[in-house]
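**Q** Below is a structure I'd like to ask you about.
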Amino acid sequence: MRLLMLTSQTPVRNAHVVRSAEGEPDLLFVDLHLVHEVTSPQAFEGLRLAGRRVRRPDLSVATMDHNVPTRGGVRAADDLSRKQMEVLAENCRREGIPLHQIGSRRQGIVHVIGPELGLTQPGMLIVCGDSHTSTHGAFGALAFGIGTSEVELVLATQCLPQKRQGDLAVNVEGELPLGVTAKD
């Protein structure tokens, strides 16, 4: 007999199931889609080629962060980086997605602006084409990184198919050595 474990994220996930069918991934509704200049150009292009629009631009927020120099007033170092930022700005303008671009006080690291701007809230399902997105879990959200094809799917449908994950038990024993913390 398999013991079903309920984590704090189980009710959040269950609240976002749009469709569930035996043998298929659940279809989950996405409350907030964070977008940046690196994983989105191909996704927007896929929408254009399919003749589709962003379904819920009001539930997406974009920022420029992966190609942004860390020193203010400095341009991106290469043509590809500049082009990706220009394309993001054009895609957001065309689709009506709020964009926090260079020079905006609200511009920042894509997986950090949600909490900073008060967008990330407990009980939300949040996705982004960035592996650090799971850090929103600290605020009671279910959040994870997605790939470029999934970015396109969320832009088009505001939903994402996801298999229900199995349970995992982790037992940590012993004492941490000097210089090692729980975060490690």
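Everything in the sequence shown is counted per the working numbering, starting at -15 for the first residue and increasing by one.
Cβ atoms here follow ideal geometry from the backbone N, Cα and C, with glycine treated the same way.
Identify the continuous beta strand (DSSP E) that holds Gln91 and give its terminal residues.
**A** Careful: Gln91 lies outside any beta strand (DSSP E) and carries neither H nor E.
**Q** Since Asp62 contacts Val94 with CB under 8 angstroms, what's their CB separation in whole angstroms?
**A** Asp62 to Val94, Cβ: 20 angstroms. No contact.
**Q** From Asn(-2), Ser4, Leu11, Gln91, pick the residue whose C-alpha is nearest to that of Leu144; which is it?
**A** Answer by Cα proximity: Leu11.
**Q** Just how far apart, CA to CA, sit Arg32 and Gln149?
**A** The alpha-carbon atoms of Arg32 and Gln149 are separated by roughly 33 angstroms.
**Q** Between Thr141 and Arg39, is the Cβ-Cβ spacing less than 8 angstroms?
**A** For Thr141 and Arg39, yes; Cβs fall inside 8 angstroms.
**Q** Once DSSP output is grouped into helix, strand and coil, what is the label at His50?
**A** Coil, per DSSP.
**Q** What are the partner residues of Ile110, as DSSP defines its beta bridges?
**A** Leu16, Ala127, per the DSSP bridge assignment.
**Q** Just reading off the alpha helix (DSSP H) that Gln146 is part of, what are its end residues?
**A** Run containing Gln146: none in the alpha helix (DSSP H); it sits in the beta strand (DSSP E), 143 to 146.
**Q** Name the DSSP bridge partner or partners of Ser44?
**A** According to DSSP, Ser44 bridges with His17.
**Q** Whole-angstrom Cβ separation of Asp42 and Ile110, contact assumed at under 8 angstroms?
**A** The Cβ separation is near 15 angstroms, so there is no contact.
**Q** Anyone know if the C-beta pair for Thr117 and Ala27 falls short of 8 angstroms?
**A** Against a cut-off of 8 angstroms, the Cβ pair of Ala27 and Thr117 comes out as no contact.
**Q** My assumption, with CB atoms under 8 angstroms, is that Leu72 sits in contact with Ser24. Please give the rounded CB distance.
**A** Between Ser24 and Leu72 the Cβ distance is about 6 angstroms, and since that is below 8 angstroms, they are a contact.
**Q** Exposed or buried, Val156, counting other C-beta atoms within 10 Å across all chains shown (16 or more means buried)?
**A** So Val156 counts as exposed.
**Q** Classify Glu74 as buried or exposed, calling it buried when 16 or more other Cβ atoms lie within 10 Å of its own Cβ.
**A** Glu74 is exposed by the Cβ-count criterion.
**Q** Does DSSP put Leu101 in a helix, in a strand, or in coil?
**A** Three-state result, Leu101: coil.
**Q** On the three-state DSSP scale, how would you describe Asp10?
**A** Three-state result, Asp10: strand.
**Q** Got a sec? Which residues, its chain only, sit under 7 angstroms from Gln85 by beta carbon, not counting five neighbours each side?
**A** So the list reads Met48, Ala73, Gln91, once near-sequence residues are dropped.
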